[in-house]
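Chemist: Counting along the sequence shown from 1, when you hit position 22 you're at 10 in the working numbering, and nothing is skipped either side. So that we are looking at the same thing, I have put the structure below in structure tokens.
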Amino acid sequence: MKKKKLTRWDLQNKKQAGEKVVWITAYDYWNATFAEAAGMDMILVGDSLGMCVYGYEGTVPVTMDQCIVHSEAVRRGAANTFIIGDMPFLSYQVSVPDAVRNAGRFHKEAGVDAIKLEGGKRVCPQIQAIADGGMLVMGHIGLTPQSSGQLGGFKAQGRTAEAAEELISDAKSIQESGAFALLVEAVPPEVCGIIRDTLTIPVYSIGAGITADGQLMISSDVAGVFQAFTPKFVKKYESLGEKTIQAFSAYRQDVLDGNFPAPEHTYKMKEGELAKLKTLLQQG
């Protein structure tokens, strides 16, 4: 049976019913097809593609054009899944008009269902303007990788009462600005739970514990492909990186040993054509 793409109201109803939403990142056509086949509620085309696809040390170098190209591929691979485009660094911070224009590019050029941007009160004017433009916006607070330099690196946030209070205040402002949902990253579950109970919109977690309305994970972490580092909140469900190395190594050895390609991997000439070819070559 064809998978039904969720709407924002379906996501809202899941929060009211206490039904968890499960989503994952994808950056290309094939992983998008896998995510849809697995029944994921949503897919994020995250700016984490900077590290997971391009090998950057962080997300800051990622461009709008890169995000659009990858979002297009994911849309083609998961036509029946709610897809969120991640606004990269400097695509919304410079001005409100820039934010609206770039959010519109995600919709117009890549066919996403919503966009996500990082930050608290300082990005609320952008959130409101994008929402006023008829587009769905998801907020993102806690550990915000694009501003990790200000945060002192990739560190957990909201671990003191004062820091937690500030996050809760940011969350309220984001909701008031028109966001349809909020992602909370690397925050203690107690704080995430308070945010979830305070807001009427869905609150999702990546590294913020089980108290949220749903969970996001990076696909290459789940599959065990990304090997540069493993955050504390990651659970690897497979070791595809190691298995891929084993497959590549076995292929290389087969070629060196003369075992590949075998006869079953090659094409045969039609009956009698080889002899005909040899005759033609001799005549030439």
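For every residue, glycine included, the Cβ atom is placed at its ideal position computed from N, Cα and C. Note that this is a predicted model, so its numbers are computed, not measured.
1) Mind checking Thr132: buried by the 16 CB within 10 Å criterion, or exposed?
2) Out of curiosity, what's the CA-to-CA distance linking Ala119 and Pro113?
3) What are the uninterrupted segments assigned as alpha helix (DSSP H) that are 4 or more residues long and contained completely in the region 55 to 135, given in chain order?
4) Just to confirm, is the Cβ distance from Glu24 to Thr69 under 8 Å?
5) Using a Cβ-Cβ cut-off of 6 Å (strictly less than) and excluding sequence neighbours within five positions of Gly212, which residues of its own chain qualify?
6) Helix, strand or coil for Ala196, going by three-state DSSP, please let me know.
7) So, helix, strand or coil for Gly38, using DSSP?
8) Within the continuous beta strand (DSSP E) that includes Val33, where are the two ends?
9) How big is the Cα-Cα spacing for Ser157 and Ala169?
10) Please classify Thr13: does DSSP put it in a helix, a strand, or coil?
11) Do you know whose CA, among Glu106, Glu178, Lys266, Glu45, lies nearest Ala149's CA?
12) Residue range of the beta strand (DSSP E) that Glu226 falls in?
13) For Glu173, which three-state DSSP category applies?
14) Taking contact to mean at least 3 C-beta pairs separated by less than 8 Å, is the region 76 to 95 in contact with the region 36 to 55?
15) Count the other CB atoms, across all protein chains shown, that sit within 10 Å of the CB of Thr13; report buried if there are 16 or more and exposed otherwise.
16) To the nearest angstrom, how far is the alpha carbon of Gly272 from that of Pro251?
17) Looking at the strands, I want to know which residues DSSP matches up with Val191.
18) Which residues in the same chain have their Cβ closer than 8 Å to the Cβ of Ala216, if we skip the five residues on either side of it in sequence?
19) Report the option in Gly107, Cys180, Val50 whose CA atom is closest to the CA atom of Ser161.
Modeler: The structure says:
1) Buried: at least 16 other Cβ atoms inside 10 Å.
2) In this model, Ala119 and Pro113 are separated by some 10 Å (Cα to Cα).
3) Qualifying alpha helix (DSSP H) stretches, in chain order: 84 to 93, 112 to 120.
4) Yes, these two residues count as a Cβ contact at 8 Å.
5) Within the same chain, Gly212 has close Cβ partners Lys224, Glu226, Ser227, Leu228, Gly229.
6) In the three-state DSSP reduction, Ala196 falls in the coil class, being neither helix nor strand.
7) Reduced to three states, the DSSP call for Gly38 is helix.
8) From DSSP, the beta strand (DSSP E) with Val33 extends over 30 to 33.
9) The alpha-carbon atoms of Ser157 and Ala169 are separated by roughly 15 Å.
10) Of the three classes helix, strand and coil, the one that applies to Thr13 here is strand, per DSSP.
11) Of the listed residues, the one whose Cα sits closest to Ala149 is Glu178.
12) Note, Glu226: premise wrong, no beta strand (DSSP E); not H, not E.
13) Residue state, collapsed to three classes: strand.
14) Verdict: yes, contact present.
15) Buried is the call here.
16) The straight-line gap from Cα to Cα measures roughly 30 Å.
17) Val191 is bridged to Leu170.
18) These residues qualify, in order along the chain: Met39.
19) The shortest C-alpha to C-alpha distance from Ser161 to any of Gly107, Cys180, Val50 is the one to Gly107.
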